[in-house]
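In short: position in the sequence shown from 1, add 3, done, that's UniProt numbering.
The beta carbon of each residue, even a glycine, is placed where N, CA and C say it ideally should be.
Just so you know, these numbers come straight off a predicted model, no measurement behind them.
Report on one structure; see the data block that follows.
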Amino acid sequence: NKKQTGFPEGFLWGGATAANQLEGAYNVDGKGLSIFDMVTFVPKEQRGNDIEMDVKSLKELEELLAQGDEENFPKRRGIDFYNRYKEDIALFAEMGFKTFRMSISWARIFPNGDDLTPNEEGLVFYDKVFDELSKYGIEPLVTLSHYEIPLHLVRKYNGWTDRRLVEFFVRYAETVFDHYKGKVKYWLTFNEINISQFSPYIGSGILVDQVEHVEQAVYQALHHQFVASARAVKLCHEIMPEAKIGCMLARMEVYPETCHPDDVLVALEEDQKNLFFTDVQVRGAYPSYMLSYFEKNNIKIEMLPGDEEILLQHPVDFLSFSYYMTQVASGNPDKLKQKGNFSSGIINPYLKSSDWGWQIDPKGLRITLKKLYDRYQVPLFIVENGLGAYDKVEEDGSINDDYRIDYHRAHIEQMKEAINDGVDLIGYTSWGCIDLISAGTSEMSKRYGFIYVDQDDYGNGSLERKKKKSFDWYKEVIRSNGTNL
Ligand code: P53
4 NKKQTGFPEG FLWGGATAAN QLEGAYNVDG KGLSIFDMVT FVPKEQRGND
54 IEMDVKSLKE LEELLAQGDE ENFPKRRGID FYNRYKEDIA LFAEMGFKTF
104 RMSISWARIF PNGDDLTPNE EGLVFYDKVF DELSKYGIEP LVTLSHYEIP
154 LHLVRKYNGW TDRRLVEFFV RYAETVFDHY KGKVKYWLTF NEINISQFSP
204 YIGSGILVDQ VEHVEQAVYQ ALHHQFVASA RAVKLCHEIM PEAKIGCMLA
254 RMEVYPETCH PDDVLVALEE DQKNLFFTDV QVRGAYPSYM LSYFEKNNIK
304 IEMLPGDEEI LLQHPVDFLS FSYYMTQVAS GNPDKLKQKG NFSSGIINPY
354 LKSSDWGWQI DPKGLRITLK KLYDRYQVPL FIVENGLGAY DKVEEDGSIN
404 DDYRIDYHRA HIEQMKEAIN DGVDLIGYTS WGCIDLISAG TSEMSKRYGF
454 IYVDQDDYGN GSLERKKKKS FDWYKEVIRS NGTNL
């Protein structure tokens, strides 16, 4: 009954990225197109919301395909990690990273998604990356699917609405488990599996004009992902008994706007809509509140015999999540129509916002850690957290990102409190440890890194890497295992 005080020995400090946001080389060495290769940069003035990433119709998709240039599609160029991974990994090693979160681009391994055999050149690329990480003793943490559905699966099957995607994904998972066993010990199945609730295209490869009832299609697609994820968990354990595999949730902690019971009830229900995913993936079954929601909203999930067993028998080993902000809910429906913080219409008056309107809430991280641990009692892993901000390069070349240091310090302090309160937290990988293309807006100027990358929103720049002030700060955090903040 020994109680943990402060960060445990072996805590997995590091940084997080995704293939589609940093690799570039989108059509090189046999890689197929993936969903994010089709998303264009929209300047701030023309953007409706803070996430603008869905392709909504087949017609739109065909028009984008016909454009065929790189300029408007920042995710196609990324930050050229494909060619610069050695230099970048050396910088991560200099910061003392214990772990590096990255994703394998599904379309590099199976260019169409439904191919029968993998693309060897794709496999070779990640071998080189894992070998480079291993030189420095950095453990890779690998996401199998981070918004990187092969585009062919969208055009031919309308994404995850089609049950056949389960087999394609399982083939992909088995291929990479077999190939990289011994090199990768930590795996995640689907990044932010709940994102389909906001973005059917990015989360599930669904073109909404191709379906009659969007919510029905989304939850059916999610069922297929749950089954695919559980089968990947099973395979992972069979092929690599020493490996650990987790789920990944974009955690949306929801506060009631007031203590009015109507507000509290709506906040609870919003929270359930978010925790539904981990209820399935950690507890292994659909929760009754969701079955009731399906009934009320005329959603019918088609399950095959054996689906419920596979979910129950193969829950994940740990729960990972991204944490950027909290939400506010109200029982008054009019309030939700206002434009406010991310998905909800209401701004929390007690919190400051980032330049993108994401409300900064370090204590909310502690609340969420405690809530998740109470509910699930499995190890937790924060695999994304960070501040998207404009950075300024001074005349002497320095980048003084004290705001970023303050953000991470405040969150890490709350993580420490949560550990002291008894939460089993195994790691922290800060998002975009090197500047990369924004998922939501395809901007380069929304920067998260400890390492600056010289490139603008239009792809101009030398791609030179520079250490920001936060680089040395984070290095000391890791060296002191979270003691010197
Ligand atoms: P960007 C929305 C809300 C919370 C997390 O996002 C989100 C999104 C999508 O924008 O995505 C995660 O780049 C995602 C990363 C992404 C990161 O948050 O829009 O897993 O791929 O880059 C930050 O600022």
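Item to check | Three-way DSSP call (helix, strand, coil) for Thr164 in this model | outcome: Thr164: helix per DSSP, three-state reduction.
Item to check | First through last residue of the alpha helix (DSSP H) which encompasses Ser473 | outcome: 472 to 482
Checklist entry - Which class does Gln7 belong to by DSSP, given the choice of helix, strand or coil? => result coil
Item to check | Reference Thr432; option with closest CA among Gly462, Leu390, Glu74 | outcome: Leu390
Checklist entry - Are the beta-carbon atoms belonging to Asp320 and Gly249 less than 8 Å from one another? => result yes
Checklist entry - Can we count Glu195 as close to ligand 1, meaning its CB is less than 7 Å from some heavy atom? => result Judged by the Cβ position, Glu195 qualifies as a neighbour of ligand 1 at the 7 Å threshold, a heavy atom of the ligand being closer than this.
Checklist entry - Would you say Tyr204 and Val58 are within 8 Å of each other, going by their C-beta atoms? => result yes
Checklist entry - Which residues does DSSP pair with Trp434 in a beta bridge? => result The partner list for Trp434 (beta bridge, DSSP) reads Ala19.
Checklist entry - Roughly how many angstroms lie between the CA atoms of Asn344 and Val127, to the nearest whole one? => result Confidence in Asn344 is poor, its pLDDT being 47 and thus under 50, which makes the residue's placement unreliable; the coordinate value appears in the next sentence. Near 42 Å, if we compare the C-alpha coordinates of Val127 and Asn344.
Next on the checklist: So, with DSSP's three-state summary, where would you put Val387?
Outcome noted: In the sequence on display, residue 387 carries Glu and not Val. It is a strand residue.
Checklist entry - At what residue ranges does the region 249 to 333 contain a whole run of the beta strand (DSSP E), taking only runs of 3 or more? => result 256 to 259, 321 to 325, 329 to 332
Item to check | Gly343, DSSP secondary structure in three states | outcome: Here Gly343 scores only 49 on pLDDT, less than 50, and its place in the model should not be relied on; the value that follows carries that caveat. Three-state result, Gly343: coil.
Checklist entry - Are Arg378 and Gln417 closer than 8 Å when you measure CB to CB? => result no
Item to check | Backbone secondary structure at Ile209 - three-state DSSP | outcome: coil
Checklist entry - According to DSSP, is Leu144 helix, strand or coil? => result strand
Next on the checklist: Quick check on the burial criterion: 16 or more other C-beta atoms within 10 angstroms. Buried or exposed for Cys239?
Outcome noted: buried
Item to check | Test item: CB-CB of Ile152 and Gln219 under 8 Å | outcome: no
Next on the checklist: Following a CB-centred definition, is Gln458 positioned closer than 7 Å to any heavy atom of ligand 1?
Outcome noted: no
Checklist entry - Between Ser202 and Val145, which are expected to be in contact by the criterion C-beta below 8 Å, what is the C-beta distance as a whole number of angstroms? => result At roughly 22 Å, the Cβ-Cβ gap does not stay under 8 Å, so Ser202 and Val145 are not in contact.
Next on the checklist: Tell me which residues share the same chain as Gly464 and place their Cβ nearer than 7 Å to its Cβ, disregarding the 5 neighbours each side in the sequence.
Outcome noted: Asp457, Gln458
Checklist entry - From Gly430 to Lys62, what distance separates their C-alpha atoms? => result 43 Å
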